[in-house]
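Notes to accompany the following structure.
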Amino acid sequence: MKKPKSDPNAPPNDRIPLPDLKENDKIEKSKALREAAKRVQLGPECLPSICFYTLMNSGQTAICADICDDSTLLAVGFNNSSIKVWTLTTIRLRGMKSADKLQDIDREAGDVLVRMMEEKDRDTCRTLFGHSGPVYKVAFDPFKTMLLSCSEDSTIRLWSLQCWTCIVVYRGHVWPVWDARWSPHGHYFASGGHDRIARLWATDHHHPLRIFAGHLSDVDCIQFHPNSNYIATGSSDRTVRLWDCLTGSQVRIMTGHKSTPFTLAFSACGRWLASGGGTGEIQVWDLSSGLPTAAIPPANDSPIHALAFSRDGTILASGSLDSTVKLWDFAVISDESLNEENGNGATAQKEDKFLLRSYATKNSPIKSLHFTRRNLLLAVGSYEGSL
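Each residue of the sequence shown is one higher than the last, beginning at 11 in our numbering.
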């Protein structure tokens, strides 16, 4: 596999302090590297296969969804304040042994985590209760040991995926929290809400480490840069802003959206940021200049609620409330922007110029998009038709 060139302007790897990896986390990282070696190279002549997960009998109560990095777990947040986690493989979800049985376990054993699990308590789905309002976002940590959720009740909850209980409640927002996202390296996460403020948290602190203030309206979406040094936020004030996690300062403000941006996605290389708007438009930003490099006009007024880059950065996938998944040729978008670096930003292009393929579902608005480590595209939607 070709090694990517390092940017001389990129911050050093140790700029953001991170705790030492646990042994299980190292094993998971090694597994991810082995799978990446088998990754399919995508392009116009080799489009990804798409697997669509449809939530049936949920009415309009399913609000958000997320798939873990190794594509084995699916979490969905509901309007009734519950969270459901499903296994996407044949391996069932095990619960933890009772306190009496845990006392008899050798804590120094290498497989202590396996011994803690109850063999008889296996199921394909687990339900988590704790929030007192609709759950607006769920997010798996990179190592698949914890789940993050945020809610209308103004709290963020951290759930253990071993004992299936809430282990920390983070309080700081005073209004509903719309989005919460993990750092690509774990340990840190960020949140944004109705109070117009984004916050940076760490799993070993109860209070936020940084507060990012500047938006004039709700912070509706948030996303970490691949190097974990920066956070992008999208707001109802129709701006997208980039913040430095270490200093807490704003380093970019990007204007151009005609409606609220509801979702953000960074390219794997970290140079490009895509944002999807409430009227169906997609903006692609060059972070080196803060200018838009492509503006894809909407085919209709249906909001874009999900964006995802392929692992090799050649394809951008979008999902909207009109129940369609679209694939865009990002190699063409980035090439054009590099050829026009001396211009004054992007002008709106025809949708067909970058569109590779459009896939329609059966009345199932898209909740989440996820590229697997081998570049298979997974999508999640909630069926809203009549059975």
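Ideal placement from N, C-alpha and C gives every residue a C-beta, glycine not left out. Model, not experiment: these values are computed from the prediction.
For Arg-25, the CB contacts under 8 Å within the same chain, skipping 5 residues up- and downstream, are Asn-239, Leu-256 in chain order.
Excluding the 5 residues flanking it on each side, Asp-205 has same chain C-beta neighbours closer than 6 Å at His-183, Val-184, Trp-185, in chain order. Between the alpha carbons of Gly-290 and Lys-94 lies a gap of roughly 29 Å. In the three-state reduction of the DSSP assignment, Ser-40 falls in the helix class, which pools H, G and I.
For Asp-76, the enclosing beta strand (DSSP E) starts and ends at 72-77.
Residue pairing by DSSP leaves Ile-26 without any beta bridge partner. If you draw a straight line from the Cα of Leu-317 to the Cα of Phe-272, it is about 10 Å long. Counting along the chain, no beta strand (DSSP E) covers Lys-154, and no H or E run does either.
One alpha carbon belongs to Asp-189, the other to Lys-377, and they sit about 13 Å apart. Annotation for His-315: Phe-272, Thr-273, Gly-286, Gly-329, Ser-330, Leu-331, Pro-375, Ile-376, Lys-377 place their beta carbon closer than 8 Å to its own, counting only its chain and skipping 5 residues before and after. DSSP lists no beta-bridge partner residue for Val-261. Straight across, the Cα-Cα distance linking Gly-87 with Ser-68 is about 11 Å. Beta-bridge annotation (DSSP): Ala-278 is not paired with any residue. Counted as a single uninterrupted DSSP element, the beta strand (DSSP E) harbouring Ile-60 occupies residues 60-65. Contact between Pro-152 and Trp-96 is absent: CB atoms are separated by about 19 Å, not below the 8 Å threshold. Ser-298 is positioned such that its CB atom lies closer than 8 Å to that of Arg-281. Assigned with DSSP and collapsed to three states, Phe-139 falls in coil, not helix or strand. Of all alpha-carbon atoms in Leu-379, Phe-364, Val-335, the one lying nearest the alpha-carbon of Ser-344 is that of Phe-364. Counting along the chain, Arg-191 sits inside the beta strand (DSSP E) bounded by residues 187-192. For the pair Cys-74 and Val-148, the CB atoms are nearer than the 8 Å cut-off. Secondary structure within the stretch 295-382: the alpha helix (DSSP H) runs of 4 or more consecutive residues, fully enclosed, are 340-349, 361-364 (chain order). For a cut-off of 8 Å, the C-beta gap from Ser-320 to Phe-381 is around 5 Å, short enough to register as a contact. Setting aside the 5 residues that flank it on each side, Leu-52 is surrounded in the same chain by Pro-58, Ser-320, Asp-322, Thr-324, Ile-325, Asn-385, each with a C-beta closer than 7 Å to its C-beta; the list follows chain order.
Under the three-state reduction of DSSP output, Leu-112 falls in the helix class. Per DSSP, the unbroken beta strand (DSSP E) holding Leu-103 starts and ends at 103-106. Look at Asp-163 here: in three-state DSSP terms it is coil, with no helix or strand label.
Cys-56 has Gly-53 as its beta-bridge partners, per DSSP. The criterion of a C-beta distance shorter than 8 Å is not satisfied by Ile-166 and Cys-173.
By a beta-carbon distance limit of 8 Å, Val-250 contacts Ala-242. Their separation comes to about 6 Å. Take the alpha-carbon of Leu-84 and the one of Glu-38: they are about 18 Å apart. Per DSSP, Gln-233 is one residue of the beta strand (DSSP E) stretching across 229-234. For Lys-94, the enclosing beta strand (DSSP E) stretches over residues 93-97. Following the DSSP letters along the chain, one finds Trp-253 inside the beta strand (DSSP E) bounded by residues 249-254. C-alpha of Tyr-369 to C-alpha of Ala-327: approximately 11 Å in a straight line.
Taking 8 Å as the upper bound for CB-CB distance, Asp-79 and Lys-32 are not in contact here, some 16 Å apart. Per the DSSP secondary-structure output, Arg-209 pairs in a beta bridge with Ser-201, Ile-221.
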